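A short write-up of the structure that comes next.
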Amino acid sequence: MSQSTSVEAVSAWLLGLQARITDAVEAQEQAGGGQARFLADAWHKPEGEKLQGHGLTKILEGGTVFERAGCGFSHVRGPQLPPSATQHRPELAGAPFEAMGVSLVFHPRNPYVPTVHMNVRMIAATPAGQAPVCWFGGGMDLTPFYGYDEDAQHFHGVCRDALAPFGEDKYPRFKTWCDEYFFLKHRQEARGVGGVFFDDFSALGLEGSLAMTQAVGDAFLSAYLPIVERRRDQPYGEREREFQLYRRGRYVEFNLVWDRGTHFGLQSGGRTESILLSMPPLASWSYQRQSEPGSHEAQLTDHFLVPRAWV
């Protein structure tokens, strides 16, 4: 591994990314009239546990703009890759590994502001008698409760532009991958309007793949904050709040049933509180709920949760 892609350099970039994002969220809270701040919870997993390593979980709860916002950094090592990490790389089953990344989920209070998810990560496996094998993953996706074309177009436009220097094929490929991954198979329903997603990626070599991953992480604030600023002060009532909580239930279902990152963390012996920072503070479920045809609520499933070319 070259000096520019050393473990220390990647770790420093990830911590810097986390700090930039959480600072920007606190600034949004101040702009929205709130005083909430992130709690910084540093943790360490000592020798003798299933995983060793450290991390920094930052969590903001009860804000004026964000009801719950979690952004976690982790750098862990383990004796063997969990099944969720080797389903596409069976030759690495049982290999020791090292993983680091930043993962976030923000749950806004206003139902007109979309929930958002982003993560970037690097995994290195060291199979016996072989050179280390490194790969990258990440992406970002937007989950509105009340959809707006201009919001989806902006979010996808930033994703496309971030990936453009790494090949014309990257945005269309990763956009389709995102649509297919963030999909609730048990309901045959998309989670949101998508974005970009990639996993097990090393096609650009170590430094090129890292640069692409960094471009995605660095683009997050430009993709999301203009939408927050556009929607955070939009008036809403009990109907919109109730619909938001109902749709958050779908978010919980995906994260617990289908998300590989959640499974990786729990299977490998990760820190449960940090893994589940993606959960919303409140959610609800309704039996066979149907939205009124033609309503703004119905537009979500009829228009926004149907995969389409946004840009």
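All residue numbers for the sequence shown refer to our numbering, where the first residue is -9 and numbers rise by one.
All C-beta atoms, glycine included, are put in the ideal place defined by N, C-alpha and C.
Just so you know, these numbers come straight off a predicted model, no measurement behind them.
Am I right that residue i and residue j are in contact with their C-beta atoms under 8 Å? What's the rounded C-beta distance?
i: Asp131; j: Gly184; result: 5 Å
i: His65; j: Gly38; result: 18 Å between Cβ atoms; not a contact.
i: Glu57; j: His97; result: 5 Å
i: Val186; j: Gly129; result: 5 Å
i: Ala213; j: Cys124; result: Going by Cβ atoms, the distance from Ala213 to Cys124 rounds to 26 Å, so no, they are not a contact pair.
i: Val301; j: Arg221; result: Val301 to Arg221, Cβ: 20 Å. No contact.
i: Ala152; j: Ala205; result: 5 Å
i: Gln18; j: Leu215; result: 7 Å
Starting from residue i, trace the alpha helix (DSSP H) both ways and give me its first and last residue.
i: Thr54; result: No alpha helix (DSSP H) holds Thr54; DSSP gives it neither H nor E.
i: Pro216; result: 195 to 221
i: Leu5; result: -3 to 21
i: Leu153; result: 139 to 153
i: Trp167; result: 160 to 171
i: Ala288; result: 286 to 289
Leaving out five residues on either side along the sequence, give the residues of the same chain with a beta carbon under 6 Å from the beta carbon of residue i.
i: Pro297; result: Asp169
i: Asp31; result: Thr47
i: Arg67; result: Gln42, Gly43, Glu88
i: Lys35; result: Leu41, Gln42, Gly43
i: Gly259; result: Lys40, Leu41
i: Gly84; result: Gln70
i: Ser281; result: Glu287, Ala288
i: Phe172; result: Asp131, Arg181
i: Ala14; result: Leu211
Using 8 Å as the threshold, is the C-beta distance between residue i and residue j below it?
i: Ala115; j: Leu82; result: yes
i: Ala59; j: Leu71; result: no
i: Gly239; j: Ser274; result: yes
i: Phe294; j: Pro101; result: no
i: Ile217; j: His144; result: yes
i: Leu4; j: Val92; result: yes
i: Val242; j: Met269; result: yes
i: Lys40; j: Gln8; result: no
i: Phe188; j: Phe210; result: no
i: Leu200; j: Val(-3); result: no
i: Tyr236; j: Arg181; result: no
i: Gly24; j: Gly53; result: yes
i: Gln289; j: Gly137; result: yes
i: Gly62; j: Leu256; result: no
i: Arg111; j: Asp190; result: no
i: Trp248; j: Lys160; result: no
i: Phe244; j: Glu287; result: no
For the beta strand (DSSP E) containing residue i, name the first residue and the last one.
i: Ala273; result: Here Ala273 belongs to no beta strand (DSSP E), and DSSP marks it neither H nor E.
i: Leu29; result: 29 to 35
i: Phe156; result: Here Phe156 belongs to no beta strand (DSSP E), and DSSP marks it neither H nor E.
i: Phe187; result: 184 to 191
Leaving out five residues before and five after residue i in sequence, what residues of the same chain have Cβ atoms less than 7 Å from its Cβ?
i: Pro304; result: What the structure shows of the chain is the stretch from -9 to 301, and residue 304 is not part of that stretch, so it cannot be assessed.
i: Ser276; result: Tyr236
i: Gln224; result: Asn100, Tyr102
i: Thr12; result: Phe28, Lys48, Cys61
i: Glu16; result: Arg27, Phe28
Excluding the 5 residues flanking residue i on each side, which residues of the same chain have their C-beta closer than 8 Å to its C-beta?
i: Leu312; result: As shown, the chain starts at -9 and ends at 301. That puts residue 312 outside it, with no answer to give.
i: Trp33; result: His44, Gly45, Leu46, Thr47, Arg261, Ser264
i: Ala142; result: Leu132, Pro134, Val183, Phe294, Trp300
i: Arg231; result: Pro101
i: Arg10; result: Leu211
i: Thr291; result: Glu179, Ser281
i: Ser(-6); result: A caution first: Ser(-6) carries a pLDDT of 47, below 50, which makes its placement in the model unreliable, though a value can still be read off. Excluding sequence neighbours, Ser(-6) sits near Glu197.
query: For the stretch 226 to 262, which segments carrying the alpha helix (DSSP H) assignment without a break, of at least 4 residues, lie completely within its bounds, in sequence order?
result: 228 to 247, 250 to 257
- prompt: Which residue spans inside the stretch 81 to 123 form an unbroken beta strand (DSSP E) run of at least 3?
  reply: 87 to 98, 105 to 115
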